[in-house]
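In this note's numbering, the protein residues as written are 9 to 445. What follows is a set of notes on a single structure, which appears directly below.
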């Protein structure tokens, strides 16, 4: 099996090589850590204590791992934690948030790469945030007797339909996973239906509810309030995690609505770092005054952000920025290709949350927020403008929805404790592996 998979991967690389080379040369993507990923090179000394390997694909998964890793280290102070990630932005975030831990790149799924990485890290347990199941990696982990857990797991309807086409192959793949700790009962049911053993599938709730900031007076949000010149009578519309054409839609709506609400502010936060310049060019064509967040420095800046749209072209600030929002639009939800982004953070601050019709990545959370009167789901750009106008005209309605959103988040917390308890249980059932570590 590994030999056949290697051939398939090499063929895919050959077919995609012109596009990968173009990206490599024009954007710098895939350049960092490429050799390390391909060969499975990891600079770690041999362990002196048991190791646990946590993996998060990119920024979002690294953020949710912060709570689980902190709780695991608290209850297992003699264990060494290693983090891996796939993307450059994920690697930078992991280094920033886990400065005292080893951070490495996740190996490409070639048999030689995963074997070398596993041999070098030599973990007693592997924990995958939300998914990232690669067959060669799972085969190698199984052969070494290393248990694998998926935490905060989710399975969108689209992924569920795609997996169902491969029947027996998916059952075999899922058989290499020792624990599926899923966010919802629906996701857990999908895993069981696809062949996951019932005793290995648990429901924990979403870790993303734990550790989210709920107080607007937190230091980072207050720093941004001062930097961006947000005053008490301002109405802030934060449009975050956007994908095309959502930025253009937001700017068109803002231009019209600001005539009636001159105190309306727009903070625009594209999802991908490599689209910051593209969105800046869009703003230039719109003739709306704008300021790039990266140009604002509290020590030296002479720019006035108050009369401008703020293009937030930085990584890692959206979480604190939601704390300035009266109304939050969560992107990736209008075009039908991406399935939405995390709406928990703005809800936790008590912002009124808006999102489009395509939120399958967060289907349960979105439905429950709407049911609780804490969010609105809009069908299209016209409905988004209508909802925004209604909310701007209704201060009491904004207050009610914001309060409902915050209370909803507070009621969902506790998944981290449940998740770490399941990891402990998994380790307790493998004493031989722990002693070998």
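Idealized CB from N, CA, C, for every residue including glycine. Remember, predicted model here, so these are calculated numbers, not experimental data.
### Query
Which runs of the alpha helix (DSSP H) fall wholly inside the region 73-107 and span at least 4 residues, in chain order?
Under the rule that a run must span 4 or more residues, the alpha helix (DSSP H) segments found entirely inside the region 73-107 read 96-105.
### Query
Are at least three pairs of beta-carbons, each pair with one atom in the region 354-368 and one in the region 405-416, less than 8 Å apart?
Yes, they touch.
### Helix, strand or coil at residue 278 according to DSSP, with G and I counted as helix
Counted from its first residue, the chain shown places residue 278 at position 270. Strand.
### Task
My understanding is that residue 269 touches residue 400, with C-beta atoms under 8 Å, so please give their C-beta distance in whole angstroms.
On the chain shown, position 261 is the one that residue 269 refers to. On the chain shown, position 392 is the one that residue 400 refers to. That belief holds up - the Cβ atoms of residue 269 and residue 400 are roughly 5 Å apart, short of 8 Å.
### Message
If you measure between the beta carbons of residue 134 and residue 90, is that distance less than 7 Å?
### Response
As a first step, residue 134 is located in the chain shown; it is residue number 126 there, counting from the start. As a first step, residue 90 is located in the chain shown; it is residue number 82 there, counting from the start. No, the Cβ-Cβ distance between residue 134 and residue 90 is not below 7 Å.
### Message
So, at 7 Å on beta carbons, what are the nonlocal neighbours of residue 443 in its own chain, with the 5 sequence-adjacent residues on each side left out?
### Response
Your numbering for residue 443 matches position 435 in the chain shown. At residue 443 the pLDDT is 39, less than 50, meaning the model places this residue with poor confidence; the figure from the coordinates comes in the next sentence. Contacts found: none.
### Query
Based on Cα-Cα distance, which residue from 64, 28, 48 and 84 lies nearest to residue 436?
As a first step, residue 436 must be located in the chain shown, where it is residue number 428. Considering only alpha carbons, the answer is 84.
### Query
Would you call the CB atoms of residue 427 and residue 189 closer than 7 Å?
Translated into the one-based positions of the chain shown, residue 427 becomes position 419. Translated into the one-based positions of the chain shown, residue 189 becomes position 181. Residue 427 is a Cβ neighbour of residue 189, given a cutoff of 7 Å.
### Query
Contact check, residue 255 vs residue 227 under 8 Å by CB: the rounded distance?
Working through the chain shown from its first residue, we reach residue 255 at position 247. Working through the chain shown from its first residue, we reach residue 227 at position 219. Contact doesn't hold; Cβ gap of about 29 Å is too wide.
### First through last residue of the alpha helix (DSSP H) which encompasses residue 30
Reading the chain shown from its first residue, position 22 is the one you call residue 30. 10-34 is the extent of the alpha helix (DSSP H) around residue 30.
### Task
Pull up the CB-CB distance for residue 185 and residue 208, whole angstroms please, since I reckon it's below 8 Å.
Reading the chain shown from its first residue, position 177 is the one you call residue 185. Reading the chain shown from its first residue, position 200 is the one you call residue 208. Residue 185 to residue 208, Cβ: 7 Å. Contact.
### Query
Which term fits residue 191, buried or exposed, when burial requires 16 or more other beta carbons within 10 angstroms of its beta carbon?
If you number the chain shown from 1, residue 191 lands on position 183. With 16 or more Cβ atoms within 10 Å of its Cβ, residue 191 is classed as buried.
### Message
For residue 140 and residue 122, what's the separation of their Cα atoms in angstroms?
### Response
Locating residue 140 in the chain shown gives position 132, where the first residue counts as 1. Locating residue 122 in the chain shown gives position 114, where the first residue counts as 1. Roughly 14 Å separates the two Cα atoms.
### Query
Based on Cα-Cα distance, which residue from 63, 124, 88 and 116 lies nearest to residue 101?
The sequence position of residue 101 within the chain shown is 93, counting from 1. Comparing Cα positions, the closest option is 63.
### Task
Give the C-beta separation of residue 32 and residue 40 to the nearest angstrom, bearing in mind that I take them to be a contact with Cβ-Cβ under 8 Å.
Taking the chain shown and counting its residues from 1, the one referred to as residue 32 is at position 24. Taking the chain shown and counting its residues from 1, the one referred to as residue 40 is at position 32. 11 Å between Cβ atoms; not a contact.
### Message
If I follow the unbroken beta strand (DSSP E) through residue 198, where does it start and stop?
### Response
As a working mapping, residue 198 is identified with position 190 in the chain shown. Element bounds for residue 198: not the beta strand (DSSP E) but the alpha helix (DSSP H), 193-201.
### Message
Between the alpha carbons of residue 300 and residue 78, how many angstroms are there, rounded?
### Response
Here the question's residue 300 lines up with position 292 in the chain shown. Here the question's residue 78 lines up with position 70 in the chain shown. About 34 Å.
### Task
Please check the pair residue 215 and residue 159, which I expect to be a contact at CB under 8 Å, by giving their CB distance rounded to whole angstroms.
For the purposes of this step, residue 215 is identified with residue 207 of the chain shown, where counting begins at 1. For the purposes of this step, residue 159 is identified with residue 151 of the chain shown, where counting begins at 1. About 7 Å separates the beta carbon of residue 215 from that of residue 159, a gap short enough to meet the 8 Å contact definition.
#### Entry: Minimum length 4: unbroken alpha helix (DSSP H) runs contained in the region 151-233
Listed in chain order, they are 165-172, 175-182 and 193-201.
#### Entry: Rounded separation between residue 276 and residue 156 - CA only
In the chain shown, residue 276 corresponds to position 268, counting from 1. In the chain shown, residue 156 corresponds to position 148, counting from 1. Straight through space, the alpha carbons of residue 156 and residue 276 are spaced by roughly 39 Å.
### Query
If you draw a straight line from the C-alpha of residue 197 to the C-alpha of residue 239, how long is it?
Mapped onto the chain shown, residue 197 falls at position 189. Mapped onto the chain shown, residue 239 falls at position 231. Those two C-alpha atoms are separated by around 48 Å.
#### Entry: Proximity to residue 261 [Cα-Cα], best of 12, 326 and 337
Sequence index remark: in the chain shown, residue 261 carries index 253 (1-based). Per the Cα distances, 337.
### Message
Looking at the secondary structure, which residues open and close the beta strand (DSSP E) in which residue 333 lies?
### Response
Counting from 1 along the chain shown, the entry for residue 333 is found at position 325. That residue, residue 333, is in no beta strand (DSSP E); it is neither H nor E in DSSP.
### Message
Restricting to runs no shorter than 3 residues, where is the beta strand (DSSP E) found entirely within the region 368-418?
### Response
Counting only runs of 3 or more, we get 383-385.
### Message
I need the boundaries of the beta strand (DSSP E) containing residue 426, first residue and last residue.
### Response
On the chain shown, position 418 is the one that residue 426 refers to. In this chain, residue 426 is not harboured by any beta strand (DSSP E); it is covered by the alpha helix (DSSP H) spanning 423-436.
### Query
From residue 370 to residue 263, what distance separates their C-alpha atoms?
For the purposes of this step, residue 370 is taken as the residue at position 362 of the chain shown. For the purposes of this step, residue 263 is taken as the residue at position 255 of the chain shown. Approximately 30 Å between the Cα atoms of the pair.
### Message
What does the alpha-carbon distance come out to for the pair residue 385 and residue 378?
### Response
In the chain shown, residue 385 corresponds to position 377, counting from 1. In the chain shown, residue 378 corresponds to position 370, counting from 1. Residue 385 and residue 378: Cα-Cα distance of roughly 7 Å.
#### Entry: the region 281-297 contacting the region 337-355, beta-carbon criterion three pairs below 8 Å
Contact between the region 281-297 and the region 337-355 is absent, because fewer than three Cβ pairs lie under 8 Å.
#### Entry: Where residue 345 falls: helix, strand or coil (DSSP)
Position 337 of the chain shown, counting from 1, holds the residue named residue 345. It is coil, neither helix nor strand.
### Query
In angstroms, rounded to a whole number, what distance separates the CA positions of residue 27 and residue 145?
Counting from one through the chain shown, the residue named residue 27 turns up at place 19. Counting from one through the chain shown, the residue named residue 145 turns up at place 137. Answer to the nearest angstrom: the Cα atoms are 26 Å apart.
### Task
Would you identify the three-state DSSP class for residue 57, choosing helix, strand or coil?
Mapped onto the chain shown, residue 57 falls at position 49. Residue 57 falls in the coil class under three-state DSSP.
### Rounded straight-line distance, which links the Cα of residue 230 to that of residue 424
As a working mapping, residue 424 is identified with position 416 in the chain shown. As a working mapping, residue 230 is identified with position 222 in the chain shown. Using only the alpha carbons, I get a separation of about 27 Å.
### Query
Just the Cα atoms here: how many angstroms apart are residue 162 and residue 138?
Mapped onto the chain shown, residue 162 falls at position 154. Mapped onto the chain shown, residue 138 falls at position 130. One C-alpha to the other measures close to 6 Å.
### Task
Would you tell me roughly how many angstroms separate the C-alpha atoms of residue 20 and residue 251, rounded to the nearest one?
What you label residue 20 is simply residue 12 of the chain shown in a count that begins at 1. What you label residue 251 is simply residue 243 of the chain shown in a count that begins at 1. For residue 20 and residue 251, the distance between alpha carbons rounds to 27 Å.
### Task
Whole angstroms is fine: what's the gap from residue 203's alpha carbon to residue 434's?
Taking the first residue of the chain shown as 1, we reach residue 203 at position 195. Taking the first residue of the chain shown as 1, we reach residue 434 at position 426. Using only the alpha carbons, I get a separation of about 20 Å.
### Query
Looking only at its own chain, which residues have a Cβ that is under 6 Å from the Cβ of residue 321, when we skip the five neighbours before and after it?
Counting from 1 along the chain shown, the entry for residue 321 is found at position 313. Taking residue 321 as the centre and dropping the five residues before and after it, the same chain places the C-beta of 284, 300, 301 and 302 closer than 6 Å to its C-beta, in chain order.
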